[in-house]
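In what follows, a structure is listed as structure tokens, so that the remarks can point back to it.
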Amino acid sequence: MLGKTALIDAIAGTNRGLLATEAQKQAILAAIANLEDNNPTPRPLEAKELLDGNWRLLYTTSQGILNLDRLPFCKLGQIYQCIRVETTRVYNIAEIYGFPYLEGLVSVAAKFEPVSHRRVQVKFERSIIGLQRLIEYNSPATFIQQIEAGKKFPAIDYAINNNRQQGWLDITYIDNDLRIGRGNEGNVFVLSKT
């Protein structure tokens with residue numbers, strides 16, 4: 462699809478939005494709007510087989526995410542959003558790199574609830590921040606299995622009061638390998654299925 466190619470080309474070289482100029486941001490938003498207008502899945506929450514799985518962040522306007530790259534001596538690695546439709550859970554995982562053996566991980570686990578054919582209410586439940594080697598992190602899938610098994614990690618691992626920490630996300634485009642979402646804070650997210 463030409464629209465997807467235009468979006469991927471516009472995103473290229475922006476390091477998920479960290480390096481995007483104003484002109485690039487406008488071109489990306491225009492390409493996103495074009496795809497959203499031609500969404501092949503108008504009821505994305507009913508397309509569970511498309512939604513379920515591990516997604517890698519390609520681009521965002523979320524400063525909360527992008528600011529992780531601005532921590533001293535740290536560089537933002539891959540960022541994943543792993544959706545488990547069966548259990549209505551979502552796991553956000555950001556890999557952080559810096560000094561050797563001090564690679565970090567920032568993760569938030571949440572529960573989601575569909576509130577329309579394309580919107581989910583998200584309630585954050587748990588945050589885990591620590592060193593990858595102490596957590597024994599090697600992949601999002603293994604890490605999520607450990608979380609779901611109830612493992613406590615040698616890290617900053619705490620429950621989140623989800624009455625105050627919640628938001629919503631509209632899934633505005635989804636196909637076999639690309640998903641676009643817009644959040645309650647006005648941020649846009651473009652992800653590819655891994």
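Numbered by the working numbering, the letters in the sequence shown go through residues 462 to 655 in order. Quick reminder that beta carbons are idealized off the backbone N, C-alpha and C, glycines included.
DSSP places Ile-472 in the helix class (H, G or I) of the three-state scheme. Annotated three-state conformation of Leu-563 is coil, per DSSP. With a threshold of 16 other beta carbon atoms within 10 Å, Phe-534 falls short and is exposed.
Here Tyr-634 is near Asn-500, since their CB atoms are less than 7 Å apart. Taking a C-beta distance under 7 Å as the contact criterion, Arg-517 and Tyr-552 do not qualify as a contact pair. Rounded to whole angstroms, Lys-486 and Ile-472 show a C-alpha spacing of 9 Å. If you draw a straight line from the Cα of Arg-594 to the Cα of Glu-510, it is about 33 Å long. Inter-residue distance for Gly-611 and Ser-568 is about 15 Å (C-alpha atoms, whole angstroms).
Per DSSP, reduced to three states, the secondary structure at Pro-601 is helical. Distance between Gly-565 and Leu-519, taken at the CA atoms: about 20 Å. Under the three-state reduction of DSSP, Val-546 is assigned to helix. Comparing alpha-carbon positions, the option among Tyr-562, Gly-559, Ala-620 and Arg-504 lying closest to Pro-575 turns out to be Arg-504.
Put simply, of His-578, Arg-550 and Cys-543 the residue whose alpha carbon is nearest the alpha carbon of Lys-584 is Arg-550. If you compare the alpha carbons of Ile-589, Leu-592 and Ala-571 with that of Gln-582, the shortest gap goes to Ala-571. At least 7 Å separates the beta-carbon of Asp-636 from that of Ile-589. The C-alpha of Tyr-562 is placed about 34 Å away from the C-alpha of Gly-642. Going by C-alpha positions, Asn-528 is about 17 Å away from Gly-591. Arg-594: member of the alpha helix (DSSP H) spanning 593-596, first to last residue. Note: Pro-575 is bridge-paired with Val-581 in the DSSP secondary-structure output.
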